[in-house]
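**Q** Counted the way the UniProt record's numbering counts, the sequence shown spans residues 1 to 216.
First, the structure itself, so that you have it in front of you.
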Amino acid sequence: MTINHHPSDETLMRRASGTLSAGPALVVSVHLEGCTVCRNRMANFEAIGGAILDEMPPAPLAADLFGRTMERLEVAQPLQARDRPTIKHPELGLELPRAMQDCEVGPWKWLGPGFQWSKVKIAGSPEAKVMLLKGRAGLHLPAHGHTGLEFMQILSGSLLDERGRYFPGDLDEAGDDVDHRPVVGHESDCVCLAALEGDTRLHGFLGRLLRPFVGF
1 MTINHHPSDE TLMRRASGTL SAGPALVVSV HLEGCTVCRN RMANFEAIGG AILDEMPPAP
61 LAADLFGRTM ERLEVAQPLQ ARDRPTIKHP ELGLELPRAM QDCEVGPWKW LGPGFQWSKV
121 KIAGSPEAKV MLLKGRAGLH LPAHGHTGLE FMQILSGSLL DERGRYFPGD LDEAGDDVDH
181 RPVVGHESDC VCLAALEGDT RLHGFLGRLL RPFVGF
């Protein structure tokens, strides 16, 4: 599988430093599963971050830091892998990436002729705007823009818009300067994972009609 579209350097640096919000971080994690190039880029950014920390002067620690840390560990012990509840996912017709195994994924819901969506919930991040989208072959998705970054990872099939064509493994970042109307490739249905940092600006009558169903 050849991957031609990758996260930006800024996005990977935010992911490496832990400042990327939960929704986009999930999409990037799915991309990293299948992209050796970006895993190597991440390793470089993490090494740079570690070198910067090593060069920083040591800061004095509070006298009660150890005690407070132990109290927190006693109050909230992390669940062992065997103790974690098994999350059952609805039958979606595809195998979810490993990075999504702990997510709560809803069933497919109708958005329009040949167009469905599934809400993805991330534990501890109820505000995350993440969803799976499924479009039939040849479908023209609603024209839209964004008030922030949109991250979209292709899981199966293909999409194309004015900027290029995207195949499985590709990750597209679309900022607030992008207005587009993606089209599903004619060879098969397309499923993608999408996350938003802002809101979607749906254009036209169809866009206004769909907005209440999605909520963002």
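Every residue, glycine too, gets a C-beta built ideally from N, C-alpha and C.
Which value, in whole angstroms, describes the spacing of the CA atoms of Q116 and L94?
**A** Taking the sequence shown and counting its residues from 1, one reaches residue 116 at position 116. Taking the sequence shown and counting its residues from 1, one reaches residue 94 at position 94. Using only the alpha carbons, I get a separation of about 14 Å.
**Q** Between G198 and A47, what straight-line distance do the alpha-carbon atoms span, to the nearest angstrom?
**A** Locating residue 198 in the sequence shown gives position 198, counting from the first residue. Locating residue 47 in the sequence shown gives position 47, counting from the first residue. Cα-Cα distance, rounded: 30 Å.
**Q** So, using beta-carbon positions, are C103 and Q153 closer together than 8 Å?
**A** Here residue 103 refers to the residue found at position 103 of the sequence shown. Here residue 153 refers to the residue found at position 153 of the sequence shown. Contact flag unset, no.
**Q** Apart from the five residues just before and just after G13, which ones in its own chain have a Cβ nearer than 7 Å to its Cβ?
**A** Reading the sequence shown from its first residue, position 13 is the one you call residue 13. Per the sequence presented here, residue 13 reads as Met, with Gly not at that position. Contacts found: F45.
**Q** For H144, which of helix, strand or coil comes out of DSSP?
**A** In the sequence shown, residue 144 corresponds to position 144, counting from 1. It is a strand residue.
**Q** Among V27, L202 and G34, whose alpha-carbon lies nearest the alpha-carbon of H144?
**A** Within the sequence shown, the letter at position 144 stands for residue 144. Measuring from the Cα of H144, the nearest candidate turns out to be L202.
**Q** Starting from A195, trace the beta strand (DSSP E) both ways and give me its first and last residue.
**A** To locate residue 195, count along the sequence shown from 1; it is residue 195. It spans C190 to L196 - the beta strand (DSSP E) in which A195 sits, taken as one unbroken run.
**Q** State the beta-bridge partners of G18 as determined by DSSP.
**A** As a first step, residue 18 is located in the sequence shown; it is residue number 18 there, counting from the start. Beta-bridge pairing links G18 to no other residue.
**Q** Check this for me: beta carbons of E173 and T11, under 8 Å apart or not?
**A** For the purposes of this step, residue 173 is identified with residue 173 of the sequence shown, where counting begins at 1. For the purposes of this step, residue 11 is identified with residue 11 of the sequence shown, where counting begins at 1. Result yes, Cβ atoms of E173 and T11 sit closer than 8 Å.
**Q** May I have the straight-line CA-CA distance separating L92 from A137, to the nearest angstrom?
**A** In the sequence shown, counting from the first residue as 1, residue 92 sits at position 92. In the sequence shown, counting from the first residue as 1, residue 137 sits at position 137. Computed Cα separation, rounded: 17 Å.
**Q** Could you check what DSSP says for S8 in three-state terms: helix, strand or coil?
**A** Within the sequence shown, numbered from 1, the residue matching residue 8 stands at position 8. Three-state DSSP puts S8 in coil, outside helix and strand.
**Q** Just to confirm the assignment: which complete beta strand (DSSP E) runs, minimum length 3, are found wholly within the UniProt domain "ChrR-like cupin" (99-195)?
**A** Runs of the beta strand (DSSP E) inside the UniProt domain "ChrR-like cupin" (99-195): 109-112, 115-121, 129-135, 144-146, 150-156, 159-161, 164-166 and 171-174.
**Q** Just how far apart, CA to CA, sit C35 and G169?
**A** As a working mapping, residue 35 is identified with position 35 in the sequence shown. As a working mapping, residue 169 is identified with position 169 in the sequence shown. In a straight line, the C-alpha of C35 is about 7 Å away from that of G169.
**Q** Please determine, among T19, L133 and G23, the residue with the shortest C-alpha to C-alpha distance to G112.
**A** Position 112 of the sequence shown, counting from 1, holds the residue named residue 112. For G112, the nearest C-alpha among the options comes from L133.
**Q** So the candidates are E150, G157, G148 and V130; which of them puts its Cα closest to the Cα of L139?
**A** Taking the sequence shown and counting its residues from 1, the one referred to as residue 139 is at position 139. Per the Cα distances, G157.
**Q** Check whether the Cβ atoms of P7 and V37 lie closer than 8 Å to each other.
**A** Residue numbering aside, residue 7 sits at position 7 when the sequence shown is read from its first letter. Residue numbering aside, residue 37 sits at position 37 when the sequence shown is read from its first letter. No, the Cβ-Cβ distance between P7 and V37 is not below 8 Å.
**Q** Taking DSSP as the reference, what is the three-state secondary structure of T2?
**A** Reading the sequence shown from its first residue, position 2 is the one you call residue 2. Correct three-state label for T2: coil.
**Q** Should A195 and G18 be called a contact, given that it needs their Cβ atoms to be closer than 8 Å?
**A** In the sequence shown, the residue the question calls residue 195 occupies position 195. In the sequence shown, the residue the question calls residue 18 occupies position 18. No. Outside cutoff.
**Q** Among the residues of its own chain, which have a CB less than 6 Å from the CB of L20, if the five just before and after it don't count?
**A** On the sequence shown, position 20 is the one that residue 20 refers to. Same-chain partners within the cutoff: R14.
**Q** Output yes or no for whether 8 Å exceeds the beta carbon distance between G106 and S125.
**A** Position 106 of the sequence shown, counted from the first residue, corresponds to residue 106. Position 125 of the sequence shown, counted from the first residue, corresponds to residue 125. Not closer than 8 Å, so no.
**Q** Can you give the Cα-Cα distance for G148 and E187, rounded to whole angstroms?
**A** The residue labelled residue 148 in the question sits at position 148 within the sequence shown. The residue labelled residue 187 in the question sits at position 187 within the sequence shown. Their Cα atoms are separated by approximately 31 Å.
**Q** Quick one: measure Cβ to Cβ for A99 and E33, integer angstroms, because I've assumed they're closer than 8 Å.
**A** As a first step, residue 99 is located in the sequence shown; it is residue number 99 there, counting from the start. As a first step, residue 33 is located in the sequence shown; it is residue number 33 there, counting from the start. Rounded, the Cβ-Cβ distance is 6 Å, consistent with contact.
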